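Here is the structure we will look at, set down as structure tokens.
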Amino acid sequence: MDDESTPPPPPDEHAPPPPPPQTHTGSPTDFLKGVVGKRVIVRLTSGVDYCGVLQCLDGYMNIALEQTEEHVNGAITNRYGDAFIRGNNVLYISAAEAI
Amino acid sequence: MEPSSIQEPFDLIRLSLSERVFVKLRGDRELTGILHAYDGHMNLIMSDVEETIMLVEGDQPGVAPTVNVAKRKLDMLFVRGDGVILVSPPSRT
Numbered sequence: 001m002d003d004e005s006t007p008p009p010p011p012d013e014h015a016p017p018p019p020p021p022q023t024h025t026g027s028p029t030d031f032l033k034g035v036v037g038k039r040v041i042v043r044l045t046s047g048v049d050y051c052g053v054l055q056c057l058d059g060y061m062n063i064a065l066e067q068t069e070e071h072v073n074g075a076i077t078n079r080y081g082d083a084f085i086r087g088n089n090v091l092y093i094s095a096a097e098a099i
Numbered sequence: 001m002e003p004s005s006i007q008e009p010f011d012l013i014r015l016s017l018s019e020r021v022f023v024k025l026r027g028d029r030e031l032t033g034i035l036h037a038y039d040g041h042m043n044l045i046m047s048d049v050e051e052t053i054m055l056v057e058g059d060q061p062g063v064a065p066t067v068n069v070a071k072r073k074l075d076m077l078f079v080r081g082d083g084v085i086l087v088s089p090p091s092r093t
């Protein structure tokens, strides 16, 4: 009886949800291939950040960086022309410029 | 100028053999010394090494921590690879 009192919502009241913004798709490996030669931020599990140009990396996630700055708590604490980072210490690799 | 012979990270270490390198270790320790050998674990053989040990005291909040630095010299050293965080060759700039 009273069920009939609430009309169904009119169609097309709401536009369909906008499509999600275009994002990069691909596997983690595709990402890593894409950032070789680009500036990256490597964060270690200790919280130290290394900003530099990613020369190369391997399956252990050992990393070779050049023009590297070491950041601790936001302050630059060291600079290295080249740096090898042992992969077990890596927390993440962030792209610091457009891929 | 830029050595394009680096295809994998270990190439950076290979190019540093017989050179003085900087090594950052777990436990707030740093080494500088001549690199003689390494392997896939990053076990290192170094000579003429100076070890720098940072001892941070007073890490209570609100208190500026004091960092005491201890140094010592070691003629010949084997470094177990799992302690290694970073290896940096002498700057080639």
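Sequence lines, in order, name chains A and B. Each residue of the first sequence is one higher than the one before, counting from 1 in the UniProt record's numbering. Each residue of the second sequence is one higher than the one before, counting from 1 in the UniProt record's numbering. C-beta: ideal position from N, C-alpha, C; glycine also. Predicted model, so just to flag it, every value in this text is computed and none were measured.
- Restricting attention to B:Asp28, B:Phe78, B:Val49, B:Ile13, the CA atom closest to the CA of Ser46 of chain A is found in B:Asp28.
- In chain order, Leu12, Leu15 place their CB closer than 8 Å to the CB of Ile6 of chain B, counting only its own chain and leaving out the 5 sequence neighbours on each side.
- Residues of chain A whose Cβ lies closer than 7 Å to the Cβ of Met42 of chain B are, in chain order, Arg86.
- Not a single C-beta of chain B is nearer than 8 Å to the C-beta of Cys51 of chain A.
- When the five nearest sequence neighbours on each side are left out, no beta carbon in the same chain lies closer than 8 Å to the beta carbon of Val63 of chain B.
- For the stretch 50-79 of chain A, residues whose beta-carbon sits nearer than 7 Å to a beta-carbon of chain B comprise Gln55, Cys56, Leu57, Asp58, Asn62, Ile63, Ala64.
- Distance from the Cα of Gly74 of chain A is smallest, within the candidate group A:Gln67, A:Lys33, A:Ser27, A:Ile41, for A:Ile41.
- Within the stretch 32-67 of chain A, no alpha helix (DSSP H) run of at least 4 residues lies entirely inside it.
- Taking C-beta atoms as the reference points, Asn62 of chain A and Pro90 of chain B fail to come closer than 8 Å.
- Under the three-state reduction of DSSP, Thr52 of chain B is assigned to strand.
- For Leu32 of chain A, no CB of chain B lies under 8 Å from its own CB, so it is not counted at the interface with that chain.
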